[in-house]
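Below: the structure, in structure tokens.
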Amino acid sequence: AGAVIGSALFERRVWCRYLCPIGGMNGLYAKLSLTEIRASKGVCDSECNTYHCYKGGPAEGQGQATNGCPLHSHPASLKDNRDCVLCMTCLKACPHESVQLNLRAPGVDFGYPFLFPVPGTSSAPQHQPSAHEVALLFLLMGANLCHHIPDVLRQVGWDADSISLALQDKGSHIALSLAALAAPGVIIFLFDSLMQLFHKLLYPSSLIPRKFIDISYAYLPLVWLG
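Numbering (UniProt numbering), first residue to last: 1 to 226.
The structure is reproduced here in structure tokens:
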């Protein structure tokens with residue numbers, strides 16, 4: 001229903017891009033993709049004045065007629081893969097052969113050392129971290145934990161009867177599920193805050209550590225594997 005209403009009122013998949021948790025999850029995992037669509041900004045700025053890849057339009061030169069990017073993204077302006085579904089619309093529309101489908105190392109949006117720390121191959125991160133993405137990342141981590149609540153309770157000392165009673169009661173089951181969803185993000189945030197405090201007290205003149213919102217993406221491969 002949300003997708004239908006969003007499509008009726010707004011253009012370019014607003015529901016999928018900004019409101020749907022599945023769309024957010026796919027956008028996160030796309031940052032680990034082996035492929036990407038990108039365009040040469042120099043070619044686009046100097047040779048193109050129609051932007052059919054972005055807005056849509058009739059066939060021009062070698063380009064085909066299209067309705068434009070369904071996610072309202074220009075391939076020369078993409079910082080990461082979050083807002084690209086590899087539909088190839090821009091590739092078909094471009095008359096200047098600026099748009100290309102590239103192979104790349106997984107996690108290159110975060111800089112080469114993110115997954116493959118090869119000396120001399122580092123690059124500046126291209127993606128733009130956001131609080132809502134980090135929150136979704138840790139909720140997905142907690143969702144993995146929700147599937148193993150009995151095992152977790154068993155490891156912390158609960159007996160089989162107590163686990164059975166807790167999971168049969170609706171209120172306690174909801175409380176345990178909410179705790180499992182929140183636990184990874186809360187625990188990691190508290191430890192990061194503690195380490196930031198220790199660093200500030202012990203090394204006041206050294207470089208400031210990276211912010212929590214930046215380093216949180218290091219958990220993305222772990223969430224994907226879960």
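The beta-carbon is built from N, C-alpha and C at its ideal position, and this holds for glycine as well.
Taking just the CA atoms, how far does residue j sit from residue i?
i: L220; j: L32; result: 8 Å
i: G107; j: L28; result: 11 Å
i: L153; j: G185; result: 19 Å
i: Y18; j: P95; result: 31 Å
i: N81; j: L207; result: 30 Å
i: V223; j: G61; result: 44 Å
i: G42; j: C48; result: 10 Å
i: G23; j: C16; result: 5 Å
i: Q168; j: A179; result: 17 Å
i: L137; j: S162; result: 31 Å
i: S46; j: C87; result: 25 Å
i: S216; j: A8; result: 35 Å
i: V14; j: L194; result: 38 Å
i: A30; j: L78; result: 13 Å
i: H173; j: A160; result: 15 Å
i: A39; j: H199; result: 42 Å
Sorted by chain position, which residues of the same chain lie with C-beta nearer than 7 Å to residue i's C-beta, five sequence neighbours on each side aside?
i: G56; result: T66, N67 and G68
i: Q196; result: P209
i: A59; result: A65
i: L103; result: L34 and T35
i: A182; result: G142
Taking 8 Å as the limit between beta carbons, can you name the residues of its chain near residue i, skipping five residues before and five after?
i: A131; result: I213
i: W158; result: A166
i: M25; result: L136 and L140
Can you say whether residue i is buried or exposed, counting buried as having 16 or more other CB atoms within 10 angstroms of its CB?
i: A218; result: exposed
i: G6; result: buried
i: G63; result: buried
i: P75; result: buried
i: F110; result: buried
i: A175; result: exposed
i: V156; result: exposed
i: E133; result: buried
i: L101; result: exposed
Which residues in the same chain as residue i place their Cβ atom closer than 6 Å to its Cβ, once the five residues preceding and following it in sequence are excluded?
i: Q177; result: Here residue 177 turns out to be Ser, not Gln, going by the sequence shown. Contacts found: C146.
i: G226; result: N144
i: P129; result: I213 and D214
i: S98; result: A39, S40, V43 and C44
Review point. How about the region 144-154 and the region 186-196: do they share at least three Cβ pairs that are nearer than 8 Å?
Key: Touching, no, given that fewer than three Cβ pairs across the two stretches are closer than 8 Å.
Practice item. With a floor of 3 residues, list each beta strand (DSSP E) that falls wholly inside the region 75-118, ordered by position along the chain. Key: You should have 99-103.
Check your understanding: Would you say the region 44-64 touches the region 80-93, given that touching needs at least three Cβ pairs under 8 Å?
Key -> The answer is yes - the region 80-93 touches the region 44-64, with three or more Cβ pairs under 8 Å.
Exercise for review: Quick one: which unbroken alpha helix (DSSP H) runs of 4-plus residues sit fully inside the region 170-210? Chain order, please.
Suggested key: Counting only runs of 4 or more, we get 170-202.
Exercise for review: Entirely within the region 28-59 and at least 4 residues each: give me those alpha helix (DSSP H) ranges in chain order.
Suggested key: Segments of the alpha helix (DSSP H) lying fully in the region 28-59: 41-47 and 52-55.
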